[in-house]
Amino acid sequence: MNSAEGIVPRSRQKFLLVEVARGLAALAVVFFHSNASADEYGGPYFQWMATLEHGVDFFFVLSGFIILTAHRQDIGNRTAVADYLKKRAIRLLPLLWLVVAGYTALRYFGGGAVYAEQIFRSLFPYPSLQPASPMVVWTLRHEIVFYLLFVALIYSRTLGLWIFALWTGAALVQLVLSLFGLAIGGIWSFWLSSYTLDFALGMGIAYLHGRRQFGQSALPLLAGILLLVGSLLTMEYAGFGRLGETDYVSPAATVGTLFLGLIFAIILHGLLRLEGRFTAPSYLVSLGSASYAIYLVHTPLNSILQRLVTYLPDQAIALGGGHIFLIVFGVVGGFVIYFTYERPVGIYLKTKLVKKKLATE
Numbered sequence: 000m001n002s003a004e005g006i007v008p009r010s011r012q013k014f015l016l017v018e019v020a021r022g023l024a025a026l027a028v029v030f031f032h033s034n035a036s037a038d039e040y041g042g043p044y045f046q047w048m049a050t051l052e053h054g055v056d057f058f059f060v061l062s063g064f065i066i067l068t069a070h071r072q073d074i075g076n077r078t079a080v081a082d083y084l085k086k087r088a089i090r091l092l093p094l095l096w097l098v099v100a101g102y103t104a105l106r107y108f109g110g111g112a113v114y115a116e117q118i119f120r121s122l123f124p125y126p127s128l129q130p131a132s133p134m135v136v137w138t139l140r141h142e143i144v145f146y147l148l149f150v151a152l153i154y155s156r157t158l159g160l161w162i163f164a165l166w167t168g169a170a171l172v173q174l175v176l177s178l179f180g181l182a183i184g185g186i187w188s189f190w191l192s193s194y195t196l197d198f199a200l201g202m203g204i205a206y207l208h209g210r211r212q213f214g215q216s217a218l219p220l221l222a223g224i225l226l227l228v229g230s231l232l233t234m235e236y237a238g239f240g241r242l243g244e245t246d247y248v249s250p251a252a253t254v255g256t257l258f259l260g261l262i263f264a265i266i267l268h269g270l271l272r273l274e275g276r277f278t279a280p281s282y283l284v285s286l287g288s289a290s291y292a293i294y295l296v297h298t299p300l301n302s303i304l305q306r307l308v309t310y311l312p313d314q315a316i317a318l319g320g321g322h323i324f325l326i327v328f329g330v331v332g333g334f335v336i337y338f339t340y341e342r343p344v345g346i347y348l349k350t351k352l353v354k355k356k357l358a359t360e
């Protein structure tokens with residue numbers, strides 16, 4: 000899930016629809032996992048819900064957009080590096096550490112295997128092809144690499160542009176190689192992942208909207224949504240899908256990821272062209288604000304609540320009642336953690352650790 004900076008306060012009014020979309024993407028992942036775990040409690044499997052895992056693709060595109068938008072003025076300013084890194088750490092780590100610790104305790108007292116190395120690579124999501132705890136932490140590995148490479152842009156505009164150009168170019172070469180069955184495997188496949196292109200697309204949208212003004216129009220958003228629905232259903236029923244979260248070499252994981260990234264970039268562009276035209280419901284904006292907590296918390300909750308689903312009537316489970324149960328409590332649990340822990344801790348740490356800019360700056 001996207002752990003990028005929440006829409007910054009001074010821009011919140013401008014990007015409310017984007018915040019809503021981020022919340023809906025997190026909700027899509029919750030739906031996906033409720034369906035994927037249905038066999039644990041004898042629930043039905045709905046094939047169309049398998050497509051909802053691609054909410055993470057939108058998160059990566061959105062990360063590229065938000066980070067460049069929020070830190071555009073920091074590019075080339077070496078003195079901004081320290082505060083940038085503090086903000087990223089504050090946003091990412093406190094909640095991550097709480098969830099990893101809770102999930103590890105849950106497994107340990109539940110009689111499951113607990114491995115020190117797996118805990119470490121979950122607390123500090125460095126590039127790896129090994130499983131994390133909980134499994135959704137795998138997306139943060141990509142987020143952290145992007146955050147750290149963005150430091151180069153802040154330190155030196157020229158150096159940063161070269162690094163991102165080479166990184167994007169290498170991912171495109173890997174994509175072409177995958178079409179001929181020659182993709183580079185191993186840990187290098189992580190670094191050459193097409194998710195790199197998602198971040199680049201998001202940055203491209205940020206650059207585009209920072210350079211020119213677009214008139215309000217619903218056509219890009221509608222076109223993007225239609226393309227997305229048609230593409231996801233076609234890919235799912237044609238069996239053109241990734242082989243898992245560490246699949247970076249199959250055509251579905253390379254070309255498919257780029258194709259979906261382009262569609263999500265169109266959707267993001269469409270959302271930006273409608274900002275200010277509609278009033279976003281406050282509960283949906285809150286869903287976006289709590290999206291990181293919902294994303295991280297829902298899988299540990301899912302593993303606990305599966306046991307309670309078995310107490311539902313068989314008919315209710317057969318109709319998808321178990322899915323609804325897991326979705327509702329996964330989202331509610333995310334909101335509780337957001338309001339009681341993530342938000343207050345984040346505000347406190349920023350107050351203590353991040354420099355306050357002068358009003359005249």
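Okay, so the sequence shown: first residue is 0 according to numbering that gives the first Met the number 0, each after it adds one. Ideal Cβ placement from N, Cα and C applies to all residues, glycine included.
Pairwise C-alpha distance: residue j and residue i
i    : j    : result
V28  : Y154 : 35 Å
S285 : I262 : 25 Å
H322 : L165 : 43 Å
G63  : G260 : 11 Å
G229 : A252 : 18 Å
K349 : K86  : 7 Å
Y340 : G243 : 31 Å
L264 : V60  : Here residue 264 is Ala; the residue named in the question, Leu, does not match the sequence. When rounded, the distance between both Cα atoms is 7 Å.
N16  : G275 : The residue asked about is misnamed: residue 16 is Leu in this sequence, not Asn. Their Cα atoms are separated by approximately 9 Å.
E4   : A25  : Summary for E4: the model assigns pLDDT 48, below 50, so the residue's position carries little reliability, and this model does not support an answer.
A199 : A205 : 10 Å
N301 : V135 : 12 Å
A237 : R156 : 43 Å
Q215 : H268 : 11 Å
K351 : V344 : 11 Å
A115 : A100 : 12 Å
T278 : G287 : 15 Å
V80  : W190 : 23 Å
A131 : Q212 : 42 Å
Integer-rounded CB distance, given that residue j should sit under 8 Å from residue i
i    : j    : result
L94  : Y347 : With 8 Å as the limit, L94 and Y347 do not qualify as a contact, their Cβ atoms being about 13 Å apart.
L311 : G320 : 5 Å
A182 : V248 : 4 Å
V144 : P126 : 6 Å
L139 : F163 : That belief does not hold up - the Cβ atoms of L139 and F163 are roughly 20 Å apart, past 8 Å.
R71  : G168 : With 8 Å as the limit, R71 and G168 do not qualify as a contact, their Cβ atoms being about 23 Å apart.
Exposure of residue i, with buried meaning 16 or more beta-carbon neighbours within 10 Å
i    : result
L271 : buried
F328 : buried
I303 : exposed
D38  : exposed
I66  : buried
W47  : exposed
R369 : No answer is possible for residue 369: the residues shown for the chain start at 0 and end at 360.
P124 : buried
F57  : buried
* Asked: Residue ranges of each alpha helix (DSSP H) run of no fewer than 4 residues wholly in the region 40-86, ordered along the chain?
  -> 54-69
* Ordered list of alpha helix (DSSP H) runs contained in the region 136-170, each at least 4 residues -> 137-154
* To do: Entirely within the region 236-318 and at least 4 residues each: give me those alpha helix (DSSP H) ranges in chain order.
  => 250-271, 281-288, 290-308, 313-317
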